[in-house]
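With the numbering used here as the guide, the letters of the sequence shown map in order to residues 549 to 1399.
What follows is a short report on a single structure.
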Amino acid sequence: MSHTSPSDDRFDTYAIQQKWQALWTEHNPFRAGGNEDTRPRKYVLGMFPYPSGDLHMGHAESYLYVDIVARFWRHRGYNVLNPIGWDSFGLPAENAAIQRGADPREWTYANIAQHKKSFREYGSSYDWSRILHTSDPEYYRWNQWLFQRLYERGLAYRKDSPVNWCPNDQTVLANEQVVDGHCERCGAVVVKKKLTQWYFRITDYADRLLDDLNQLEGFWPQKVIQMQRNWIGRSIGADIDFEIEGRAEKVTVFSTRPDTLHGATFFVVAPDSDLAAELVVESGADVRMRFQDYLERVQRETEIERQSTDRPKTGVFLERYAINPVNGDRLPIWAADYVLADYGHGAVMAVPAHDQRDLDFARAFDLPVKVVVDTTAPITGAIPVIEVDEDGVPVGIDLDDLDPAKTGVALTGDGRMINSGPLDGLSKRNAIARAIEELEKAGRGRAAKNFRLRDWLISRQRFWGTPIPMIHTQDGRIVPVPDDQLPLRLPDAEGLDLKPKGTSPLGGATMWVETTDPETGEPALRDADTMDTFVDSSWYFLRFLSPGDPNEAFSTSEADRWAPVDSYIGGVEHAILHLLYARFITKVLYDMGLIDFTEPFSTLINQGMVLLGGSKMSKSKGNLVEFAASMVDPGADVVRIAMAFAGPVEDDIHWEDVSTTGAQKFLARALRVAQDVTSTKDAVWAEGDASLRRVTHRLLADAPGLVEQTKFNVVVARLMELVNATRKAIDTGAGPADPAVREAAEVTAMILDLFAPHTAEEMWEMLGYEPFIGLVGWRSADPTLLVEESVTAVVQIDGKVRATLEVATRIDQAELERLARADERVRRALGDREIVRAVVRAPKVVSFSTK
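Structure, rendered in structure tokens:
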């Protein structure tokens, strides 16, 4: 089979590719320097891949950008750490193993081997001495070590609660793994199920996770920062204690509007909460039956459906009453699906006049609506004296305009308090502060914060993951596996039924599950669940610093040298899940004194998607352009150039629009330029053609800023201009012996190394240099060549361009106008007309108006 580029039969591009890959493999020129290396350091990292089959063009885009950044900083004189690893635990491997009747290890490590081959063929400049796989016991031992440290600090705990359950994969999901009510992996509708599970107490860090986003402003995409802020979702308000008739213990409700307590007319609990189950026990038999039917229906609903504002409100009256702490009103208690068990305390006070969902519910069940905010009153200036009639309605205001029970529209705007006792006349802000003050004084509430963020549920009922290192004793204790017994290894999959069935397959590994209590020696059982794979990726960037260390998770001294990551590159789909968890674990490690930074990734680069047929490339959808075949034809460098040139990094790329033919022709032209150079390496560049040198040095000066702004497509376009200018100088200018031609060819090779490293290495060799161009320092631009000596001035007559003039950049207005009037083309265009007005903007524009 021929691998010759169709654009030039003198260059076997595939042979060039193989030649340089062999040399890189032999010499590993991109290995990060050790302690003796005094260069400044840069840690460049791509979000590591999941080995589900071979790579495709969607991966090719992301890992190209990683390589461009890493190569750029090496040229700029930095000691660059750019490692690679595999996020190799998880459901896809397990599901593939079930389909094939094989061990997940076989499928996983076969795919990793293919990935490694593909990355090498792509020319990725990784430090191949720092590979890690999260499914290696040498790695997941430290997941278990980390779990134990969180457990010691009270940050890992086990509780019984409603969880997101995927009926297809038969495992629980964290809130972040549910997308529009569906499992992010398989797309199945997620339901709620009550299970006892392990959690990480990420909510203890909610304030810091939110406030520290300020450190990332300008360094992370604003969209990602906002997504994280929204997900954490801090609300400021009050915890309010309500008495329940017939119940000794009070129920606490969080509200952002404690000022509206006087307007509460009923009380709502989540039907799937423990509180609802407890309250209904004391209700009548018919209520208990209706509640049970309702609960079963709610458990089949997704969270998205429950929160929808445009669906009819449903609920069951529990025949129980709460007592309003500010006025003693009896509030009927309802179970309704629009309240979630894990929001606040699983219960809300309903103020229908000023909350649309509460109002919709009140109107559906004919419940009272009481207005306590006059939204027509001014909120600035002195507190007005509000005159009310015998019904408590301000005089001069139409009752129908204030009555949401009739209009169906809640009054959610600001205004002045009414019908609220000591709060009457206060603005919202002042009323909230006063309400909290009154609650605290009465011992019935306190200022509080609430977060949308929920604790991180890490238990998974699957085999292919990190075993949770805990032991369940006969007397009900749960104790950690001692550190000296880590790693707690997965058993062999042979003989185990890995099919999802609601409980972990590890429970069927009798010899593995049965153990002894480390404290008493009595028989005990290991925890059969495995950890969420996001635990694996929450700290992997630190393991890369000392991946083979058998004594510690990572070297603190190496963390001092390299971390945090300077440039982190990957898809925006990880904006919440992975990044949030990595930020949390980083802060925990900081609190443990193991690192001296609080954010893991200093700069974040998100690339767009590669689309085929209008959809994101995906193995599950079958719309792929396979990576391996593309490395042969058209070849790695062609794919890389075509990808880099296709558009801005953050934009989606339609593969159908990517021009590999144009990329092939450009690379062939670049190779021909290097091949045609006849001047020697000691040629004096300053003696070369000045116009070509200006093109070369402007690119040298502009490229660093363009790369740092991730305008890779612009750099490729400028490289094409330089190659064309060099070709023109060879063919019609001073010729191939001109020193400026050699200089341009060398600069082309150096900058081309970012995008097409095999071609760049070949050009470098053609120009008489030893390998490796990837280690060559960035050339400095000559500032004298960056000054434009002349510019093109445009001459317009009555708004139409009639001539252009090459003039000195420092020409004055009078001289420019004189030249324009004297130009023969201008004189012809004027004819007999008289110039009545001349506007001159030296040195670029002359505009004449005539009559």
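Don't be surprised by glycine CBs; every beta carbon is placed ideally from N, CA and C.
Coarse secondary structure for residue i, derived from DSSP in three states
i: aspartate 1114; result: strand
i: alanine 995; result: strand
i: threonine 1078; result: strand
i: alanine 1288; result: helix
i: proline 1071; result: strand
i: tryptophan 1233; result: helix
i: aspartate 1012; result: Checking the displayed sequence, the identity of residue 1012 turns out to be tryptophan instead of aspartate. Three-state result, tryptophan 1012: coil.
i: valine 1186; result: helix
i: serine 1395; result: strand
i: threonine 800; result: strand
i: aspartate 752; result: helix
i: serine 1052; result: coil
i: histidine 893; result: coil
i: serine 783; result: strand
i: tyrosine 1088; result: helix
i: threonine 1063; result: strand
i: lysine 918; result: coil
Given residue i as reference, the closest of the options once Cα atoms are compared
i: glutamine 1344; options: Ala645, Asn576, Val1394, Leu1323; result: Val1394
i: arginine 1074; options: Val1083, Arg1091, Ser1085, Gly1056; result: Gly1056
i: aspartate 1040; options: Asp602, Ala650, Ile564; result: Ala650
i: glycine 956; options: Pro926, His730, His902, Thr586; result: His902
i: aspartate 1084; options: Gly638, Trp621, Ile564, Tyr626; result: Gly638
i: glutamine 1022; options: Asn998, Asp1077, Thr1063; result: Thr1063
i: isoleucine 773; options: Leu757, Asn583, Ser783; result: Leu757
i: glycine 1322; options: Thr586, Leu571, Arg619; result: Arg619
i: isoleucine 792; options: Ala912, Gly963, Arg868, Ser600; result: Arg868
i: isoleucine 1143; options: Ala1101, Leu1300, Arg587; result: Ala1101
i: threonine 1209; options: Phe1193, Glu1318, Pro1287; result: Phe1193
Bridge-paired residues (DSSP) for residue i
i: aspartate 708; result: Thr744
i: arginine 1327; result: According to DSSP, arginine 1327 bridges with nothing at all.
i: glycine 729; result: Looking at the DSSP assignment, glycine 729 forms no beta bridge with any residue, so it has no partner.
i: lysine 1276; result: DSSP output for lysine 1276 lists no bridge partner at all.
i: leucine 1353; result: Ala1341
i: threonine 719; result: Cys714
i: valine 846; result: Bridge partners of valine 846: none, in fact.
i: leucine 757; result: Looking at the DSSP assignment, leucine 757 forms no beta bridge with any residue, so it has no partner.
i: serine 1007; result: Met1079
i: glutamine 1385; result: Looking at the sequence provided, one finds arginine at residue 1385 rather than glutamine. According to DSSP, which records beta bridges pairwise, arginine 1385 is partnered with Ser1397.
i: isoleucine 788; result: Val801, Gly993
i: histidine 1020; result: Ile1026, Leu1073
i: histidine 1202; result: Leu1159
i: glycine 863; result: Ala884
i: glycine 1119; result: Gln1155
Own chain partners of residue i with C-beta closer than 8 angstroms, once the 5 adjacent residues on each side are dropped
i: lysine 1145; result: First, the residue type needs correcting, since residue 1145 is phenylalanine and not lysine in the sequence shown. These residues qualify, in order along the chain: Ala1111, Pro1112, Thr1134, Tyr1138.
i: histidine 1020; result: Ile1026, Ala1072, Leu1073, Arg1074, Asp1075
i: glutamate 1174; result: Asp602, His604
i: leucine 1334; result: Arg1242, His1245, Arg1246, Ala1249
i: proline 932; result: Confidence in proline 932 is poor, its pLDDT being 48 and thus under 50, which makes the residue's placement unreliable; the coordinate value appears in the next sentence. So the qualifying residues of the chain are Ala925, Pro926, Arg964, Gly973.
Contacts around residue i, its chain only, beta-carbon distance under 7 angstroms, and the 5 residues preceding and following it disregarded
i: methionine 965; result: Asp807, Val920, Val921, Leu971, Asp972, Gly973, Leu974, Ala979
i: leucine 1364; result: Ala1341, Val1355, Val1388, Ala1390, Pro1391, Val1394
i: leucine 1044; result: Phe1011, Pro1053, Gly1056, Ala1057
i: phenylalanine 802; result: Gly785, Asp787, Gly892, His893, Ala996, Asn998
i: valine 1136; result: Leu698, Leu703
i: alanine 930; result: Note that alanine 930 scores 48 on pLDDT, short of 50, meaning its location in the model is unreliable; the coordinates nonetheless yield the value given after this. Within the same chain, alanine 930 has no close Cβ partners at all.
i: glycine 1325; result: His623, Gly625
Own chain residues within Cβ distance below 6 angstroms of residue i, not counting five before or after
i: leucine 1254; result: Val1262, Val1263
i: valine 828; result: Arg836, Phe839, Leu866
i: alanine 824; result: Val817, Ala883
i: leucine 629; result: Ala580, Tyr591, Trp1110
i: alanine 983; result: Pro806, Asp807
i: alanine 644; result: Trp655
i: phenylalanine 1440; result: The structure shown does not extend to residue 1440, since the chain spans only 549 to 1399, so no value can be given for it.
i: lysine 861; result: Asp908, Phe909, Ala912
Proximity test, Cβ basis, 9 angstroms: residue i and chain B
i: valine 917; result: The structure shown contains no chain B; it holds only a single protein chain.
- Item | Complete beta strand (DSSP E) runs within the region 1121 to 1199 (minimum length 3 residues, chain order) | Those beta strand (DSSP E) runs which fall completely within the region 1121 to 1199 and span 3+ residues are 1149 to 1155, 1158 to 1160.
- Task: At 4 residues or longer, and completely inside the region 616 to 699: list those alpha helix (DSSP H) runs for me, N to C.
- Result: Runs of the alpha helix (DSSP H) inside the region 616 to 699: 639 to 648, 652 to 670.
- Where are the beta strand (DSSP E) runs, 3 residues long or more, that stay fully inside the region 557 to 624, in chain order? 589 to 594
- Unbroken alpha helix (DSSP H) runs of length 4 or more, entirely within the region 814 to 859: which are they? Taken in chain order, the whole alpha helix (DSSP H) runs of length 4 or more contained in the region 814 to 859 are 822 to 829, 833 to 846, 851 to 855.
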